[in-house]
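Structure, as structure tokens:
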Amino acid sequence: MFSIKQITPWKTALFILMLLPMLLGLGYGLLYSFGVIGLLNTGFTTEHWSDVLLNFSFWKSLLFSFGIGLISVGISLVIALWMVVNWHHDLRKGKLSTLIYLPLAFPATVVGFFIFQSFSKAGFWSRFLYQIGIISKIEDFPSLVNDAYGIGIILASSFIITPFLSLILKGIFENEHVTKFQQIAKSLGASQRQVLIKVTLPILLQKAKTSLLLFLIFVIGSYEIPLLLGRQNPKMITVAIVDKAQRFNLNDIPEAYAMAILYVLFLLFLFFGFQRLAKLKTKAYA
């Protein structure tokens, strides 16, 4: 029989093996961004980093992506919570328990194309509203894709992550026996609203906080949907990095690597900062 001490080295080796390609890629990008390697390298320089750090468009793209992620996850969270709290029996069995899996079958590119065909000025809804006389011409339909506020990106991202989040919250609802806690609270005289705010939501949100962070990182780092539904200004950060790397000017490639490394550092700061805040909050209630 294998002991834990025998298994641990294998787990460590596997973990290192999984991280190695990412670390090698980051190392290559770091050396390229400082001009140590590359097609047009002239030796160590911080010029590319200075250009990126002083580039307002880069920070605008990063903050824009962060805002899109927060709004998308927030919308999905509200919908998923509403479904789990009100329809948790239907999510366990019945037609809804099957339908909830349907959006999971659509790749991001397909969802982006669907949103574009539905909500663009020449899409389904603009033509439908024009036909029934609500708008006098198709151009009167509001810009919901390729717009400055990323509405199309938010719609597509929410469509993708809401089913995942609903299934996660459904599992938490069942595994944490939330129904029993609700019954206890009601027996002690709590109103329906008090049960929701003081019992149901804290349990679900506390257990789902890491998943929410991962969904936020997922939306920030998505590429296909912003490429289809976004615009040139402002860009999502991933689109901005790829555009920079794929330009015909080879001098832009080191800046693209610098942008990518800063983006990774931002995600690490976001992840570990969130974990730190969660631990401090847990200690405060202990």
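In the numbering used here, each residue carries its 1-based index in the sequence shown increased by 974.
Here a beta-carbon is modelled for each residue, glycine too, at the ideal position from N, C-alpha and C.
Computed from a predicted model, the values in this text were never measured in an experiment.
Buried/exposed call for K1209, threshold 16 Cβ in 10 Å: K1209 should be labelled buried.
Buried or exposed (CB count within 10 angstroms, at least 16 for buried), V1290: Absent from the model: residue 1290. The displayed extent of the chain is 975 to 1260, so no value can be given.
Rounded distance between the beta-carbons of V1193 and I1042, thought under 8 Å: Separation of the CB atoms of I1042 and V1193 is rounded to 6 Å, and the pair is thereby assigned contact status at 8 Å.
Residue span of the alpha helix (DSSP H) that contains G1041, given as start and end: Counting along the chain, the alpha helix (DSSP H) containing G1041 begins and ends at F1030 to R1066.
K1264 - containing alpha helix (DSSP H), residue span: Past the edges of the chain, shown from 975 to 1260, lies residue 1264, and the structure says nothing about it.
Outcome for W1056 when other beta-carbon atoms lying within 10 angstroms are tallied against a minimum of 16: Exposed is the label assigned to W1056, since fewer than 16 other Cβ atoms lie within 10 Å of its Cβ.
Endpoints, the alpha helix (DSSP H) within which H1022 is located: Unbroken alpha helix (DSSP H) run through H1022: E1021 to L1027.
Rounded Cβ spacing between A1082 and E1198 (contact assumed at less than 8 Å): Indeed, because the Cβ distance is near 5 Å, the residues count as touching under 8 Å.
Three-way DSSP call (helix, strand, coil) for L994 in this model: Three-state result, L994: helix.
Start and end residues, alpha helix (DSSP H) containing A1159: Where A1159 is concerned, the enclosing alpha helix (DSSP H) stretches over V1152 to S1161.
Three or more C-beta pairs below 8 Å linking the stretch 1056 to 1071 and the stretch 1135 to 1151: With a cut-off of 8 Å, the stretch 1135 to 1151 and the stretch 1056 to 1071 count as touching, because enough Cβ pairs lie within range.
Expected contact under 8 Å - CB spacing of V1085 and A1130 to nearest Å: Indeed, because the Cβ distance is near 5 Å, the residues count as touching under 8 Å.
The alpha helix (DSSP H) enclosing S1165, as first and last residue numbers: In the DSSP assignment, S1165 falls outside any alpha helix (DSSP H) and carries neither an H nor an E.
C-beta atoms of S1035 and I1211 nearer than 8 Å: Contact: yes.
Buried or exposed (CB count within 10 angstroms, at least 16 for buried), I1106: Counting Cβ neighbours within 10 Å, I1106 comes out exposed, since fewer than 16 surround it.
The stretch 1218 to 1232 in contact with the stretch 995 to 1014 per 3-pair CB rule at 8 Å: Taking 8 Å as the limit for Cβ pairs, the verdict is that the stretch 995 to 1014 does touch the stretch 1218 to 1232.
With 16 other Cβ atoms within 10 Å as the buried cut-off, status of Q1140: Residue 1140 is actually Ser in this sequence, not Gln. It is buried - the Cβ of S1140 has at least 16 other Cβ atoms within 10 Å.
Buried versus exposed, by CB contacts within 10 Å (16 or more), K985: Exposed.
Reduced DSSP category for M1233 - H, G, I as helix; E, B as strand; rest coil: It is helical.
F1115 - DSSP class collapsed to helix/strand/coil: In the structure shown, F1115 sits in coil (DSSP, three-state: anything other than H, G, I, E or B).
Where G1163 falls, given that 16 or more other Cβ within 10 Å makes a residue buried: G1163 is exposed by the Cβ-count criterion.
C-beta contact flag for F1090 and L1202 at 8 Å: Using a Cβ distance threshold of 8 Å, F1090 and L1202 count as a contacting pair.
Alpha-carbon spacing of L1076 relative to L1014, whole angstroms: Taking the straight line from one Cα to the other gives about 49 Å.
Selected residue, minimal CA-CA separation from I1128, among Q1166, S1039 and D1114: Looking at the Cα atoms, S1039 is the closest of the given residues.
Buried or exposed by the 16-neighbour rule on C-beta atoms within 10 Å, applied to A1122: It counts as exposed.
Exposure of K1069, with buried meaning 16 or more beta-carbon neighbours within 10 Å: Exposed is the call here.
Own chain partners of E1021 with C-beta closer than 8 Å, once the 5 adjacent residues on each side are dropped: So the list reads G1009, once near-sequence residues are dropped.
Inter-residue Cα distance where the pair is F1243 and I1109: The straight-line gap from Cα to Cα measures roughly 47 Å.
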